[in-house]
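Count the sequence shown with mature numbering (1 follows the signal peptide of the UniProt record, and there is no 0) and you get residues -22 to -1, 1 to 530, in order. Below is one structure, written out as structure tokens, with a few remarks after it.
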Amino acid sequence: MRQIMYLGMLSAGLMLAGCQSANQNAIQDAPVKQSVHADAERIKSHLRFLSDDLLEGRDTGSRGHEIASLYIASELEGYGLKPAGDDGSFLQRAPFRQATLDQASPSFVLETAKGTVELAYPKQYITSANPVSELASVKGQLVFAGYGIIAPELEHDDYADLDVKGKVVVVLSGKPASFPSEEGAHFGSTNEKKRHAAEHGAIGYVTITTPTAEKVRPYQNLLNYIHTPTVRWLDKSGQPANVYPSLKNSAYLSKEAAELLFANADMNLEQIYQLLEEDESPKGFSLPVSIDFSKRSAHKTISSPNVAAILEGSDPTLKNEYIVYSAHSDHIGIAKTVKKDKINNGAMDNATGTSVLLETARLFSQLPERPKRSILFVAVTAEEKGLLGSDYFAQNPTVAKDAMVANVNLDMPILTYEFNDVIAFGADHSDLKESVSLAAQKIGLTLSPDPWPEQALFTRSDHYSFVKQGVPSVFLVPGLQSADPAVDGSKKFGEFLATNYHKPGDDFNQPFNWKAATKFAEVNYHIGLTLANQAKRSSWNEGDFFGDTFSK
């Protein structure tokens, strides 16, 4: 799971109300002639192999991830599923450009009325490799554009009456505190901000830290990632997707550096920060500063596979619609550390989700009568690089794009305690809420509300790639209600995040609870069966922001 920051989520005794609403979609499950039970030993064996040192952390483009993908494909083939990759195979190979920054190359010079000042990299600013140009250079006047957000639905436009054509925009990190969490995560995303800057004619893009950003993710912590390559998938013309080439260069400034930009401006940085404390959005204005900013990157073309397989439905018409299960099979590879154990095995993140996806596929393959709709299982790559594998699949699906009717995403289920509920991030946006709730009830579970709405997790894993293609989706995880009164589910969740998340300690030696693993596979099976057999395809709620924004 990509660098998720959980804030205030570990309060003791957290109680979550179950969602018991009845499904209004006329659920009609296919008759089942025998009980279906998940096999703990199978899940255990998948997890053991996928998190083994042999795979060296399954980094995107690595031999270890290739081995993992071949293993997943072989298992799905063994269940009798049909290949749904390229050219009749189980693999959809995605091409990527990997860009690595020359750490000695960044040069960032401010030109002010009092002379020139060269900022120190990475002490005062950080920048990432440019996936478009090996030599990236921009010169221009700076213009402050507030948060850099345009959100008509929230009556917010930071570019109103602001001319940034041919200039370098300076924007605040994040979003206004008053914005709704999930919608705000969309509007405040870097991709959306860069899109607006490019569409308004900007030639460069600079982000400055804020007090909120420093609390959540201090500038000093960002220095841990300066050696991380920039990766983008390549379109059919061989160009990086989801980038804005007209923005020649970009950087993130520390508070110390940002103060220099505003030293002789209409407002200084402290005045701007004061407005933020009052949840006011400062208006944009020109800054009496220009920059000369350049860097070099080395480019390399790599590829990495998604694995896709289909269990064909039984209904002559509905089999042409697909319920999609997704789970990312990649992790972050080998750590740059002096410690003896350098392998980030990614057992919980996300060998657990991938193993449960495989067991869910096996359960469906054992049915005496197949569900009406088809089930599409996709183990995606490059989630840790920015949801890239799922974005590639969602934009280049191996089935008709409008035939994908729902997505259930499995990412980092914490399987160290037996749970009594599940959480489906994003369920409130579509009728999936009723379907998931009904399916959970079949094995004695309840559907609990999102315990961390401020984290906007609905926008932060692979399901969001499907959301952006108009597919109703949920991100399913075990809930925090433990079956054992002596066990605090939220504490168990927090223990993993504090000790092993994105570290070599995330390996098979963790105290996995195999009852939790089988229960999670079984609830996923029932969710898929419910969605595949209900009379109407899943749909967004009327007037929902994400449905209205992305539905085609």
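Glycine included, every Cβ here is placed at the ideal spot set by N, Cα and C. Remember, it's a predicted structure, so these values are computed and weren't measured experimentally.
Helix, strand or coil: which one does DSSP assign to residue i?
i	result
D526	helix
N3	Residue confidence for N3 is low, a pLDDT of 45 falling below 50, so the modelled location carries little weight and cannot support an answer.
H134	strand
S343	helix
P61	strand
R36	coil
W492	helix
W518	strand
T70	Correcting the residue identity first, residue 70 is Gln in this sequence and not Thr. Note: Q70 maps to strand in three-state DSSP.
V149	strand
N511	helix
residue 532	There is no way to answer for residue 532, as the model of the chain reaches only from -22 to 530.
I104	strand
Y303	strand
L336	helix
A77	strand
Along the beta strand (DSSP E) that carries residue i, what are the first and last residues, could you check?
i	result
S264	263 to 289
T424	424 to 426
Q119	113 to 122
I310	No beta strand (DSSP E) contains I310, which DSSP labels as neither H nor E.
I353	352 to 358
F25	In the sequence under discussion, the amino acid at residue 25 is Leu, which differs from the Phe named in the question. Here L25 belongs to no beta strand (DSSP E); instead the alpha helix (DSSP H) covers 18 to 28.
N385	382 to 388
L88	85 to 90
E96	93 to 97
I401	399 to 403
Expressed to the nearest angstrom, what Euclidean distance is found between the alpha-carbon atoms of residue i and residue j?
i	j	result
S228	T90	19 Å
K297	E133	43 Å
V116	G291	54 Å
F352	K153	Here residue 352 turns out to be Ser, not Phe, going by the sequence shown. The alpha-carbon atoms of S352 and K153 are separated by roughly 40 Å.
L345	W518	29 Å
P391	V400	10 Å
T94	T185	20 Å
P189	H24	44 Å
G144	S439	35 Å
D466	L458	8 Å
G367	E361	6 Å
K226	S443	26 Å
V429	K411	Per the sequence shown, residue 429 should be read as Pro rather than Val. Approximately 15 Å between the Cα atoms of the pair.
H441	S167	16 Å
Q512	D64	30 Å
S106	N220	16 Å
I45	R26	14 Å
L388	A98	42 Å
P207	T78	5 Å
N398	G422	8 Å
L416	S232	49 Å
E473	A464	16 Å
P223	K92	32 Å
A175	P456	39 Å
V452	A405	6 Å
E256	L247	14 Å
So residue i is in the alpha helix (DSSP H); what residue range does that whole segment cover?
i	result
R41	41 to 56
F371	366 to 373
N169	168 to 177
I250	247 to 255
I321	Premise fails: I321 is in no alpha helix (DSSP H) and is neither H nor E.
L296	Careful: L296 lies outside any alpha helix (DSSP H) and carries neither H nor E.
F165	159 to 165
Write down the C-beta distance between residue i and residue j rounded to the nearest angstrom, noting that I regard them as a contact closer than 8 Å.
i	j	result
A499	T338	5 Å
P109	K273	About 12 Å separates the two Cβ atoms, so there is no contact after all.
N328	H306	5 Å
A434	S259	About 19 Å; that fails the 8 Å criterion.
L120	I269	6 Å
I310	P482	Not really, about 10 Å apart at Cβ, beyond 8 Å.
R173	R75	That belief does not hold up - the Cβ atoms of R173 and R75 are roughly 20 Å apart, past 8 Å.
R71	S281	5 Å
G18	A495	Here residue 18 is Ala; the residue named in the question, Gly, does not match the sequence. Between A495 and A18 the Cβ distance is about 6 Å, and since that is below 8 Å, they are a contact.
Consider the C-beta atom of residue i and the heavy atoms of the ligand ZN; say whether any pair is separated by less than 8 Å.
i	result
Y99	Among the components modelled here there is no ligand, and therefore nothing to report on the ligand ZN.
* Every unbroken alpha helix (DSSP H) inside the segment 171 to 243 [4 residues or more] -> As far as the segment 171 to 243 is concerned, its whole alpha helix (DSSP H) runs of at least 4 residues are 189 to 194, 197 to 200, 233 to 239.
* Asked: Can you list, in chain order, the stretches of the alpha helix (DSSP H) that have 4 or more residues and sit fully within the segment 410 to 471?
  -> Unbroken alpha helix (DSSP H) stretches of 4 residues or longer found wholly inside the segment 410 to 471: 410 to 419, 441 to 445, given in chain order.
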